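Down below is the structure, laid out as structure tokens.
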Amino acid sequence: MITRDRLLKILEAIAEEIKNQKQFLTDLDAAIGDGDHGINMSRGFEAVLAKLPTLADKDIGSILKAIGTTLVSTVGGAAGPLYGTAFMKAGQVMVDKMELDANDLKKVLQSALEGIKMRGKAQKGEKTMIDAIEPALDAYNKALEEGLSMKKAMNNAVEAAREGVEYTKTIVATKGRANYLGERSIGHQDPGATSSYLMLRVVSENIEE
Amino acid sequence: MAGIVVVSHSSKIAEGIVELTEQMTQGKVKMKAAGGTNDGRIGTDAVKIQEAILEVDDGSAILIFMDLGSAIMSAETALDFLEEEVKNRVILVDAPLVEGVLAGAIQATISSDTDEIKRTAEAARGLNKIQ
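Here the protein sequences come in this chain order: A and B.
In terms of the working numbering, the first sequence opens at residue 35 and continues consecutively.
In terms of the working numbering, the second sequence opens at residue 1294 and continues consecutively.
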């Protein structure tokens, strides 16, 4: 179970992680994109961190929606509308909720993924965030079907996301700036898939057994 | 009269295009620049675009011109923030930014046919500048 207060802690931890990984994400992006993913994400999540205290008494749907709106107006790069839409879509399915059970988390991940696919007009295999999130969702769902706990299912999801990030090294980018590089994008992991993996990892680490 | 919003990753580009176009149209078309981020970085901001749309809205069509990449995604995100009635009057135009905005704005001063404004702006793609 993730309570509202736990969710606020998770969002804080994500902001902290993004700050710590700022240079790493920027370096990844500099190799195949415009080199601003770390800086942009860091700005966006700094704004999230500043916003969190004002959300302390809200329901989970409102919190996720507010995070989405904050990201679309502060990130600056493609990650803004993509992650922003993901959080806003996730918020839409969690209206008035004060806690998330395993099935709610599935709905959150599912809606976030659908939001990103819709906004980016992308599918799996195009060297994007989707290559981390979709396998993560599949692994999470499979684990729940096998009767695993939310924590264990999320651990599996993170492992699948990590493999997804590795997979992005083997494929050509067809979306965004990396698209201009064509075959030369092979060998580099996708910065967006990497930031998605990092966020999922923070979620998993902060779920109680 | 149709309103125009110019979206660019650079606030200078967006503002410069508005400045240039307003000189050509003598300020007859309502225009608003929505470029860069609030803290002065290169980037786009869906909320800024939404506010620009509402600012130029006088009940007629609103044409959005974007530079590239995430500007398009940010503009599409801005549409999601609008009420249905406004959203239905917004058109995303697939045109070169400088030439497209100029052509579209000039057309808007002589026609209220939104499709024609859009077509004129998009036709700027094939413009031969050097005869």
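Ideal Cβ placement from N, Cα and C applies to all residues, glycine included.
Here the structure is a predicted model, which is why all the values come from computation and not from measurement.
Of the residues the options, which one's Cα is nearest the Cα of residue i?
i	options	result
residue 69(A)	113(A), 81(A), 153(A) and 48(A)	113(A)
residue 1386(B)	1403(B), 1361(B) and 1404(B)	1361(B)
residue 1417(B)	1343(B), 1352(B), 1358(B) and 1302(B)	1358(B)
residue 189(A)	214(A), 206(A), 221(A) and 233(A)	233(A)
residue 147(A)	137(A), 171(A) and 97(A)	171(A)
residue 1350(B)	1380(B), 1399(B), 1339(B) and 1331(B)	1380(B)
residue 161(A)	178(A), 203(A) and 153(A)	203(A)
residue 1320(B)	1331(B), 1409(B), 1422(B) and 1395(B)	1395(B)
residue 201(A)	227(A), 121(A) and 217(A)	227(A)
residue 1323(B)	1348(B), 1406(B) and 1407(B)	1348(B)
residue 141(A)	181(A), 98(A) and 159(A)	98(A)
residue 1365(B)	220(A), 225(A) and 209(A)	209(A)
residue 1389(B)	1420(B), 1378(B), 1409(B) and 1424(B)	1420(B)
residue 1376(B)	1343(B), 1331(B), 1363(B) and 1400(B)	1343(B)
residue 155(A)	1422(B), 1424(B), 1391(B) and 1363(B)	1363(B)
residue 220(A)	241(A), 136(A), 66(A) and 55(A)	66(A)
residue 1369(B)	1339(B), 1315(B) and 1299(B)	1339(B)
With DSSP run on the structure shown, which of helix, strand or coil describes residue i?
i	result
residue 1296(B)	strand
residue 1306(B)	helix
residue 1392(B)	helix
residue 1355(B)	strand
residue 112(A)	coil
residue 90(A)	coil
residue 1325(B)	strand
residue 37(A)	strand
residue 180(A)	coil
residue 1384(B)	strand
When you compare the CB positions of residue i and residue j, do they come within less than 8 Å of one another, or not?
i	j	result
residue 1345(B)	residue 1327(B)	yes
residue 116(A)	residue 223(A)	no
residue 36(A)	residue 134(A)	yes
residue 48(A)	residue 236(A)	yes
residue 1278(B)	residue 1393(B)	No answer is possible for residue 1278(B): it lies beyond the span of chain B, which begins at 1294 and ends at 1424.
residue 74(A)	residue 102(A)	no
residue 107(A)	residue 125(A)	no
residue 128(A)	residue 230(A)	no
residue 153(A)	residue 119(A)	yes
residue 83(A)	residue 46(A)	yes
residue 1304(B)	residue 1337(B)	no
residue 1384(B)	residue 1407(B)	yes
residue 1399(B)	residue 1317(B)	yes
residue 225(A)	residue 59(A)	yes
In angstroms, rounded to a whole number, what distance separates the CA positions of residue i and residue j?
i	j	result
residue 239(A)	residue 1333(B)	35 Å
residue 196(A)	residue 168(A)	11 Å
residue 139(A)	residue 185(A)	11 Å
residue 1311(B)	residue 1373(B)	25 Å
residue 243(A)	residue 187(A)	11 Å
residue 80(A)	residue 39(A)	19 Å
residue 72(A)	residue 104(A)	17 Å
residue 1297(B)	residue 1335(B)	21 Å
residue 1411(B)	residue 90(A)	46 Å
residue 214(A)	residue 1329(B)	23 Å
residue 198(A)	residue 86(A)	30 Å
residue 149(A)	residue 157(A)	12 Å
residue 178(A)	residue 143(A)	13 Å
residue 159(A)	residue 1352(B)	43 Å
residue 136(A)	residue 54(A)	28 Å
residue 1313(B)	residue 1325(B)	12 Å
residue 218(A)	residue 207(A)	9 Å
residue 100(A)	residue 121(A)	8 Å
residue 182(A)	residue 1382(B)	49 Å
Using 8 Å for Cβ pairs, my map puts residue i next to residue j. What's the rounded Cβ distance?
i	j	result
residue 93(A)	residue 130(A)	5 Å
residue 1301(B)	residue 1295(B)	So it is not a contact: roughly 19 Å between Cβ atoms.
residue 173(A)	residue 194(A)	4 Å
residue 1356(B)	residue 1397(B)	6 Å
residue 123(A)	residue 145(A)	4 Å
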